[in-house]
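Chains as they are written, first to last, in numbering that gives the first Met the number 0: chain A, 0 to 324; chain B, 0 to 477.
Each residue gets a CB set at the ideal place from its N, CA and C atoms; glycine is no exception.
Note that the structure is predicted; figures quoted are calculated from it, not measured.
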Amino acid sequence: MLAYIVRRLLYALPILIGVNLLTFTLFFVVNTPDDMARMQLGIKRVTPEAIQKWKAERGYDQPLLYNEAAEGAGKVTRTIFFEKSVKLFVFDFGRADDGRDIGHEIKTRMGPSLAIAVPVFLLGLFVTVSFALVLAFFRATYLDFWGVVACVAMMSISSLFYIIGGQYLVSKIWHLVPISGYAGGLDAARFLILPVLISMVAGIGSSTRWYRTIFLEEIGKDYVRTARAKGLSEMAVLFRHVLKNAMIPILTGVVVVIPLLFMGSLLVESFFGIPGLGSYTIDAINAQDFAVVRAMVFIGSVLYIVGLLLTDLSYTLVDPRVRLQ
Amino acid sequence: MPIILWTDALVFLLIACGIGSGFYIGRREYLLASWRRVGESRAGMAALTVLAAFIVLGLLDSLHYRPRLEAVAGQPANGYSSEVRSALDALLLPLRSGTEKTYSAPLATHLYARETVELPDGTQARVFPRLRHGGAHLQDPVEEWARDVSWKVARGLAFAVLAGLTFAAIAVQAAALRWGVGWPAAWRRIRRGETQFAWNAVLATLAVLLLLGGPVAALAGGYHVFGTDKVGQDVLYLTLKSIRTGLVIGTITTLAMLPFAVALGIVAGYLGGWVDDVIQYLYTTLNSIPGVLLIAASVLMMQVVIDTHPDWFATSAQRADARLLALCFILGVTSWTGLCRLLRAETLKLRELDYVQAAQAFGASATGIMGRHILPNVMHIVLIAVVMDFSGLVLAEAVLSYIGIGVDPSTISFGTMINTARLELAREPVVWWSLVAAFAFMFVLVLAANLFSDAVRDAFDPRIAGRRIAATAQGQAA
């Protein structure tokens, strides 16, 4: 088991190097630091001195890959590639454009992000799986038909509508919870309840339909017929047999997103003014703070790879036939 | 002067491909059979009718030209305006040019905000001023408004009924000729859904569309049917213009990604070995970056490129178009991995089948086998992926434009409409019509796309088709 995990982590290394090279190409080769400086300082009327100053402040005034001027190992280390890209591997993200340490910022913003994402994930999974089981239980009836119609309709509504509409209805018309904001400690619940509900509702349509398809596929299999032939009730068949066997396809889609919960939800966090990683990313995109975007890309891919690994490990928990070697 | 923007060219190319494959499929019975199953689906055909209406609007909006400048005194008229217009703009000229000062409610005759005006006797008063265009033909809005609106609605409805009856008559006549029966019999068969193609769904949807569209069209001449936005633009005009952007994003993106996904997926699955390793590495790497972030990074970089090279584009419309096209390609590059993986897995299965082994034994080349034997047998996966992706892309455009990494702010799209209107619900009094119009049109478009893609999937996915055959067999046995 341990050997398997170590080997998988080693496999992840080339992927991370690839991600790093890709972001490096995107951020420093497609556009030179000079282009970015000109962009940030305004296209017209920008002096070369101002560009030099901008680059020096951010450490972009070094050569890309190879520094002729430096001594010894400095030839390789005193370059943009080493300073900005290689250092990501030890989670040294450098400073944002406003001078704050990105690593510290990420640590403090992780909490609020998780405070939204974890309840959404758990509640959402519970609600959608239950709905899907209900639809599967009443399959080929009017309830099932209209349930699927409702799912398709809910899938077709933009997530922006859920957020804007929910905020308007619950906060502005009914005055139940504050429109936006965040507080530490237990007080946070007041601010969190609406975003959690809205993100959950926004995900119901597509997930319910997807789980329903999985359950229906399982219901058609031979072992279910055997279970019914033994005289088990439909409830027992659904919960004890179908649900258990449907775990594999469900886990495939679910476990991989668990680590990404850290990243938060871009839209919900920015609409509700929650100081999490999602709103941090949106702010960075709007301010064109490339250092932050680069850091988030790297963290995102690390978390994704962790998620893939977790998925494989979770298979061994639900399916004794799976052996990792 | 006609002008073809890059996205227009690709849209026309797409249509040419569509017509070409239509002919190709029409001559092959085994391909036609699956499409007939799509045609049997009532929900699918109703959705297709709605989509067709959207597509017609989108196509009209894709015929671009630069109007000739009016001759200025003393100079020959030989210049063209730098403004790019479309055929849809020309059709909707009264909507486009009929801008007001600021917000006005749907069908209103007065502005939504009070303004200080000078009265004839010299004193000042805070009143709701009359609109410049909405209801400007009324002498006394308070008295005449209700009568004028209901008269226009009635006229629109009458026109809709007339048009609907014409369509129905054409369909019934065609059916009557085909079966050699009289009109009443043909009508009964269509109404009861006894036709193979779901004509009743198409006609019913068409009737609903006409009954909604007729009054709107009749009213649009004199009023702002969906109101006006902050800078006084007609919201109906904005929503109609948004359709093209949504359609372009939904279709060109898949067009951009298909060659990569299909070629790499099949090659990886068929050749295996180091080629497979490289391609797998490529898509795992791309896949491991969360989509939004990769799109954000690419769009930010593209923005820098476009902004630092203003000399590449003659008009602002061309710049906005280049950005739209780039967005499509970026979305395509970030979304081909899923399809590529599916195709690789399917090719791995097909490679071991007898007919491929036979082709290998006959000495057919690898490219020949991949093109002649594997590609046609994975086309159903490609088709399902294309129609399933469409609705997701339309929704993604709105979100991306909201975050600020979507289309150019000057491009009219559902995303930019929602983005500019995001604070309107927080106003007192509430301005709801821009948001409602954008969300409603987007909902209809996406819902139609979802229903149609379900119909296509049900007809083409062999697993589902197989299940249906089993179900019919079971039903017959019972």
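Under 8 Å between C-beta atoms of residue i and residue j
i              : j              : result
residue 30(B)  : residue 56(B)  : no
residue 263(A) : residue 242(A) : no
residue 154(A) : residue 205(A) : yes
residue 217(A) : residue 136(A) : no
residue 57(A)  : residue 150(A) : no
residue 188(B) : residue 174(B) : yes
residue 30(A)  : residue 303(B) : yes
residue 13(A)  : residue 280(B) : yes
residue 197(A) : residue 165(A) : yes
residue 54(B)  : residue 240(B) : no
residue 316(B) : residue 83(B)  : yes
residue 35(B)  : residue 200(B) : no
residue 433(B) : residue 414(B) : no
residue 265(B) : residue 342(B) : yes
residue 49(B)  : residue 447(B) : yes
residue 199(A) : residue 254(A) : no
residue 383(B) : residue 462(B) : no
residue 201(A) : residue 158(A) : yes
residue 281(A) : residue 380(B) : no
Bridge-paired residues (DSSP) for residue i
i              : result
residue 227(B) : 103(B), 233(B)
residue 117(B) : 123(B)
residue 1(B)   : 64(B)
residue 109(B) : 129(B)
residue 94(A)  : 100(A)
residue 190(B) : The partner list for residue 190(B) (beta bridge, DSSP) is empty, contrary to what the question assumes.
residue 84(B)  : 64(B)
residue 303(A) : Partner(s): none; residue 303(A) has no beta bridge.
residue 181(A) : BP columns for residue 181(A) are empty, so no partner.
Burial state of residue i, where buried means 16 or more other Cβ atoms lie within 10 Å
i              : result
residue 477(B) : Residue confidence is low: residue 477(B) scores 46 on pLDDT, short of 50, so the model does not pin down where it sits. Its coordinate-derived value is still stated next. The residue in question, residue 477(B), is exposed, as its Cβ has fewer than 16 Cβ neighbours within 10 Å.
residue 251(B) : buried
residue 289(A) : buried
residue 65(A)  : exposed
residue 130(A) : buried
residue 429(B) : exposed
residue 17(B)  : exposed
residue 10(A)  : exposed
residue 313(A) : buried
residue 3(B)   : exposed
residue 492(B) : Because chain B is modelled from 0 through 477, residue 492(B) falls outside the range shown and cannot be assessed.
residue 322(B) : buried
residue 356(B) : exposed
residue 353(B) : exposed
residue 449(B) : buried
residue 43(B)  : buried
residue 204(B) : buried
Quiz item: Mind listing which residues of the segment 297-317 of chain A have their C-beta closer than 7 Å to chain B's C-betas, in chain order?
Solution: Answer in chain order: 299, 300, 303, 304.
Quiz item: What residues in the segment 147-161 of chain A bring their beta carbon closer than 8 Å to a beta carbon of chain B?
Solution: Taking 8 Å as the cut-off between beta carbons, the residues of the segment 147-161 of chain A near chain B are 151, 152, 154, 155, 156, 157, 158, 159, 160, in sequence order.
Exercise. May I ask you to verify whether the segment 88-99 of chain B touches the segment 230-241 of chain B, counting CB pairs closer than 8 Å and requiring at least 3?
Key: Taking a cut-off of 8 Å for Cβ pairs, the segment 88-99 of chain B and the segment 230-241 of chain B touch, as three or more such pairs fall below it.
Quiz item: In chain order, what residues of the segment 284-310 of chain B put their CB closer than 9 Å to some CB of chain A?
Solution: For the segment 284-310 of chain B, which is checked against every Cβ of chain A, the residues closer than 9 Å are 284, 285, 286, 287, 288, 289, 291, 292, 293, 295, 296, 297, 298, 299, 300, 301, 302, 303, 304, 306, 307, 309.
Exercise. Quick one: which residues of the segment 369-401 of chain B get their C-beta closer than 8 Å to a C-beta of chain A? List them in chain order.
Key: Taking 8 Å as the Cβ-Cβ cut-off against chain A, the residues of the segment 369-401 of chain B that qualify are 390, 394, 397, 398, 401.
Quiz item: Which residues, in chain order, does the segment 215-248 of chain B contribute to contact with chain A at a C-beta distance below 9 Å?
Solution: For chain A, none of the residues of the segment 215-248 of chain B brings a beta carbon within less than 9 Å of one of its beta carbons.
Quiz item: Can at least three beta-carbon pairs, one atom from the segment 294-304 of chain A and one from the segment 45-52 of chain A, be found at a separation below 8 Å?
Solution: Under the Cβ criterion (8 Å, minimum of three pairs), the segment 294-304 of chain A does not count as touching the segment 45-52 of chain A.
Exercise. Please determine if the segment 110-126 of chain A and the segment 75-89 of chain A are in contact, where contact requires at least 3 C-beta pairs separated by less than 8 Å.
Key: Result no; under three Cβ-Cβ pairs closer than 8 Å.
Exercise. Flag this pair as touching only if the segment 367-379 of chain B and the segment 337-356 of chain B have three or more C-beta atom pairs under 8 Å; answer yes or no.
Key: Segments in contact, yes.
Exercise. Output, in sequence order along the chain, the residues in the segment 258-282 of chain B whose CB is closer than 9 Å to any CB in chain A.
Key: Within the segment 258-282 of chain B, the residues whose Cβ lies closer than 9 Å to some Cβ of chain A are 280, 281, listed in chain order.
Self-check item: Contact between the segment 132-139 of chain B and the segment 215-230 of chain B (3+ Cβ pairs under 8 Å)
Solution: Judged by Cβ distances under 8 Å, the segment 132-139 of chain B makes contact with the segment 215-230 of chain B, as three or more pairs qualify.
Quiz item: Contact between the segment 171-185 of chain A and the segment 85-93 of chain A: three or more CB pairs below 8 Å?
Solution: A contact between stretches requires three or more CB pairs, one per stretch, nearer than 8 Å, and the segment 171-185 of chain A fails this requirement with the segment 85-93 of chain A.
Quiz prompt | Short-range partners of chain A found in the segment 187-203 of chain B, where Cβ spacing is below 9 Å | solution = Answer set for the segment 187-203 of chain B: empty.
Quiz prompt | Short-range partners of chain B found in the segment 43-64 of chain A, where Cβ spacing is below 9 Å | solution = For the segment 43-64 of chain A, the set of residues with a beta-carbon nearer than 9 Å to any beta-carbon of chain B is empty.
Quiz item: What residues in the segment 17-34 of chain A bring their beta carbon closer than 8 Å to a beta carbon of chain B?
Solution: Legend: CB atoms of the segment 17-34 of chain A lying less than 8 Å from CB atoms of chain B belong to residues 17, 18, 21, 22, 25, 26, 29, 30, 34.
Quiz item: Just by C-beta distance, which residues in the segment 146-172 of chain B are closer than 9 Å to chain A?
Solution: Correct list: empty, as no residue qualifies.
Quiz prompt | Selection of the segment 161-176 of chain A by Cβ proximity to chain B, strictly under 9 Å | solution = Using a CB distance below 9 Å, the part of the segment 161-176 of chain A facing chain B consists of 163, 164, 166, 167, 171, ordered along the chain.
Self-check item: Contacting positions in the segment 185-217 of chain A - beta carbon closer than 7 Å to chain B
Solution: If the cut-off is 7 Å between Cβ atoms, the segment 185-217 of chain A has nothing near chain B.
Quiz prompt | Interface residues of the segment 281-297 of chain A facing chain B [CB-CB below 8 Å] | solution = Per Cβ criterion, the list reads 281, 284, 285, 287, 289, 292, 293, 295, 296.
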